[in-house]
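Each residue of the sequence shown is one higher than the last, beginning at 200 in our numbering. Please read the structure below before turning to the comments.
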Amino acid sequence: PTCLSLFDAYLSCYTLRPQLLSIYRYAEYKKCDRPWDDFKWCFFNNKLDDEQKLKAWIERRADWWARRRLNRSSEDVWDARED
């Protein structure tokens, strides 16, 4: 992804639809930390060539998915239905 597309993703996080959806689901405003961190990462790693940037981005996303799997999920809160 380009830095511009990541900045667009950050700005779109603050639009009306995602914020209203978050208020409806979680009773709080959506936090847009992850898109902002992605943009900052891209901005400060812009000096890398394209191949290195792609490799670093893939590693960053893999780390994010690994941390996400280790955190709590809805399965920790809800019990599965027994029909």
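From the three backbone atoms N, C-alpha and C, an ideal C-beta is built for every residue, glycine too.
With fewer than 16 other Cβ atoms inside 10 Å of its own Cβ, Leu219 counts as exposed. Rounded to the nearest angstrom, the gap between the Cα atoms of Ala265 and Leu215 is 30 Å.
Judged by DSSP in its simplified three-state form, Glu250 adopts helix. With respect to the 8 Å criterion, Cys212 and Cys231 are classified as neighbours on the basis of their beta carbons.
Taking a contact as a CB-CB distance under 8 Å, the pair Asn270 and Ala255 does not count as one, their CB atoms being some 23 Å apart.
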